[in-house]
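Numbering (this note's numbering), first residue to last: 77 to 686.
The C-beta atom is built at its ideal place from N, Cα and C for all residues, glycine as well.
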Amino acid sequence: MQLDHARTRAIKKSIDSDPIDPDSVKEILIQKLTAAVARLQADDLLPADLAPTVLVERTRDRAHGDYATNLAMTLSKPARRKPRDLAEQLVGAMQADHGVAKIEIAGPGFINFYLGSDAWHGVVRSALQQGSEFGRSTLGAGQRIQVEFVSANPTGPLHVGHGRGAAYGAAVADLLAAVGFKVHREYYVNDAGRQMDILAASVYLRYLELCGESVVFPANGYQGDYVWDIAATLHREGGDAMRHPVASVFEDVPADAPAGGDKELHIDGLIERIKSLLGTRDYRRVFDAGLNAILDDIRRDLEEFGITYDEWFSERSLSDSNAVQRCMERLKKSGHVYAKDGAQWFRSTDYGDEKDRVIVRDNGQTTYFASDIAYHANKLERGFSRVIDVWGADHHGYVPRVKAALDALGDDPSKLDVLLVQFAILYRGGEKVQMSTRSGEFVTLRELRREVGNDAARFFYVMRKCEQHMDFDLDLAKSQSNDNPVYYIQYAHARVRSVFRKLAEKQLVWDRAAGLASLGALIEPHEDLLLVNLARYPEVLESAALNHEPHQLTHYLRELANDFHTYYNAHNFIIDNAPLRNARLALIEATRQALENGLRLLGVSAPDTM
RNA sequence: GCGCCCGUAGCUCAGUUGGAUAGAGUGUCGGUUUCCGAAACCGAAGGUCACAGGUUCGAUUCCUGUCGGGCGCGCCA
């Protein structure tokens with residue numbers, strides 16, 4: 077069955093003025109189908125109590141037209157009729173004025189809609205007119221959304237595991253901004269707590285060594301070279317002023333693991349001794365020297381990676397302002413806190429957590445969890461309509477207790493999305509790259525960036541779904557060859573630039589207006605495919621943003637680049653036929669714009685030459 | 001033991017609230033260049049969607065169980 081209809085005024089109008097809006101075509105089709113169902117019901121051809129939800133989708137396969145609906149199949153059972161028969165009736169009941177060139181019934185009962193050959197021309201015009209804005213939308217207008225990502229403890233340089241969270245978080249944030257959300261990018265700085273004390277102790281012990289003391293470095297200390305650097309700066313600026321004999325530092329400290337003791341007790345004992353020997357002021361000096369040096373390094377590292385933040389939120393500020401204490405009081409008033417074994421427990425099991433959690437230790441100190449409750453309460457107080465946390469997947473067990481706490485505080489836990497990022501496993505020469513944080517033998521993000529470049533690193537990190545374990549092939553990422561998807565896309569972009577350079581060499585000028593006016597000359601299958609896929613770009617952006625799935629964009633860009641390369645291979649653009657030449661140049665320039673915009677969103681450059 | 005994630009082509013991975021013949025890259029094999037950049041293009045081969053049930057017009061997709069892999073289960077952060 078095949079019905080041909082004149083194109084509607086609406087479609088013609090859209091070609092002449094605004095670009096066709098895929099959503100509006102879809103909406104029109106849904107309305108017409110709904111009306112068709114009502115008409116069949118009025119004629120007693122369908123049960124009157126039917127209230128179907130009509131679903132119209134872009135087709136996956138070009139052979140199935142531009143849009144399709146499964147309506148006849150979903151109605152088949154309640155209507156007790158064969159899907160294909162039903163489909164014929166539905167099509168017959170549709171008003172002719174539905175804006176499509178052809179309708180087909182296919183497969184088990186799909187109704188396929190074919191738009192006119194020029195239906196997608198508008199996308200070229202909007203890409204050229206909107207330039208770097210092409211693809212962006214106002215979907216999230218008026219909504220503020222916070223994205224917190226990386227938030228690595230400032231106890232050492234970022235490593236390749238943090239890199240994935242960085243690239244992913246940045247891409248999600250940029251995608252959300254691209255569809256109109258007001259995005260607030262934030263890094264939570266864990267500048268309080270035991271890990272930082274261990275760093276301070278490590279720095280101080282290295283400092284003592286620089287003073288000439290002989291130190292047996294604790295097994296649990298931070299052993300990286302950067303600790304030496306921090307200690308050296310401290311020693312250069314202040315000399316031996318903070319020196320204490322090693323014997324007094326280690327006095328009464330429990331034995332370390334290598335000596336048959338416990339490494340945790342040993343390091344905690346050292347911290348206490350160092351705190352009391354140095355006093356509050358000098359201890360803070362050592363502590364802050366480590367914190368600031370590492371934080372500066374992290375900030376620089378991320379900036380070089382193309383990632384900047386709106387806010388670096390200090391954990392310490394939460395306790396300094398008594399926000400943690402106030403939050404604990406609120407929790408207590410909610411009736412979900414009890415005392416046991418000298419500690420204060422939050423009964424998170426009331427909200428589905430596996431077990432209750434300590435928020436105040438028996439020594440009176442609040443836990444990291446307590447700070448995190450206060451932090452998340454603070455986020456919601458700031459009025460974000462949505463709050464996104466990007467965490468390493470190893471923290472997944474932590475999600476229920478944070479949501480439980482928000483619930484207990486009377487906040488809405490559904491405003492919080494926690495996106496868990498799995499580890500990336502590096503491969504070099506086909507071998508797994510072994511990593512161990514403790515011994516300092518880990519690959520830093522900086523080393524990775526130096527080895528494969530920022531572009532490949534940003535792209536490879538987001539090529540996979542975040543909950544997917546990822547094999548990161550270093551050799552592939554740095555190979556300047558055809559098997560590297562980053563180069564494939566960048567090459568397509570550079571190729572368009574090259575065409576225009578060639579055009580200039582031949583003393584020709586692209587007449588943009590003429591090109592737009594003669595888009596009807598684009599009748600090759602390659603051109604049709606490129607147009608259709610180009611029109612998908614705004615839809616892909618929207619889907620990738622709302623689903624927090626930048627990998628959708630990487631796959632799309634590869635497809636678009638492929639469509640272009642194929643087109644390039646099959647046809648010449650710089651030809652004598654001026655109207656066709658201008659139209660083709662308009663098409664590839666529009667394609668280039670989409671490639672550039674997509675790459676930029678992922679933090680990848682769009683080079684003019686390779 | 002309990003909880004979460006994952007299992008799709010030799011390898012790395014897509015698969016749009018369940019839809020049409022399960023796709024792409026890479027690898028293997030074969031082809032394309034006096035012509036805008038061959039970092040490209042075209043073709044072939046390659047599958048029990050881990051396994052077994054269930055739900056229904058229809059299941060890679062949803063449910064249950066089994067097997068295999070990763071992670072988590074602190075008064076650490």
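With a Cβ-Cβ cutoff of 7 Å, do residue i and residue j count as a contact?
i, j, result
"V236", "L524", "yes"
"E224", "Y264", "yes"
"V689", "A662", "In the structure as shown, the chain begins at 77 and stops at 686. Residue 689 is therefore absent and cannot be evaluated."
"S278", "Y302", "no"
"P123", "P159", "no"
"G674", "L629", "yes"
"L284", "G366", "no"
"L617", "A254", "yes"
"A450", "L485", "no"
"A203", "A659", "no"
"H320", "L353", "yes"
"L116", "L147", "no"
"A295", "P334", "yes"
"D429", "R477", "yes"
When we look at the beta-carbon of residue i and count the other beta-carbons within 10 Å, is it buried (16 or more) or exposed?
i, result
"R762", "Examination of residue 762 is not possible in this model, given that the chain is present from 77 through 686 alone."
"Y414", "exposed"
"Q544", "exposed"
"Q669", "buried"
"V572", "buried"
"A217", "exposed"
"D639", "buried"
"T442", "buried"
Using DSSP with H/G/I as helix, E/B as strand and the rest coil, what is residue i?
i, result
"M539", "coil"
"L234", "coil"
"M546", "strand"
"N653", "coil"
"K582", "coil"
"K431", "coil"
"Y143", "strand"
"D493", "strand"
"H260", "strand"
"V132", "strand"
"Q441", "coil"
"R676", "helix"
"V692", "Residue coverage of the chain in this structure runs from 77 to 686, which leaves residue 692 outside it and unanswerable."
"W421", "strand"
"Q222", "strand"
"F576", "helix"
"T520", "strand"
"V255", "coil"
"K158", "coil"
"V509", "coil"
Hey, how far is the Cα of residue i from the Cα of residue j?
i, j, result
"I687", "D273", "Residue 687 lies beyond the stretch modelled for the chain, which goes from 77 to 686, so this question has no answer here."
"R514", "A399", "Confidence in R514 is poor, its pLDDT being 48 and thus under 50, which makes the residue's placement too unreliable to answer from."
"E635", "Q165", "37 Å"
"D493", "V463", "6 Å"
"H452", "K408", "17 Å"
"E725", "A246", "The question about residue 725 has no answer, for the chain in this structure spans 77 to 686."
"Q206", "V362", "53 Å"
"V680", "A589", "31 Å"
"T145", "F548", "40 Å"
"I374", "T520", "11 Å"
"R406", "H569", "56 Å"
"D551", "R534", "15 Å"
"H471", "L496", "8 Å"
"M170", "H641", "40 Å"
From what residue to what residue does the alpha helix (DSSP H) around residue i run?
i, result
"R634", "P626 to A646"
"R504", "Here R504 belongs to no alpha helix (DSSP H); instead the beta strand (DSSP E) covers A500 to R504."
"E180", "Element bounds for E180: not the alpha helix (DSSP H) but the beta strand (DSSP E), K178 to A182."
"W304", "D301 to G314"
"F326", "That residue, F326, is in no alpha helix (DSSP H); it is neither H nor E in DSSP."
"Q556", "Premise fails: Q556 is in no alpha helix (DSSP H) and is neither H nor E."
"A481", "V475 to A484"
Grab the span of the beta strand (DSSP E) containing residue i for me, first residue to last.
i, result
"E600", "Element bounds for E600: n/a, residue is neither H nor E."
"D465", "R462 to G468"
"E289", "E289 -> no beta strand (DSSP E), and no H or E assigned at all."
"N188", "F186 to Y190"
"K687", "One cannot answer for residue 687 here, as it falls past the ends of the chain, which runs 77 to 686."
"F389", "E387 to S390"
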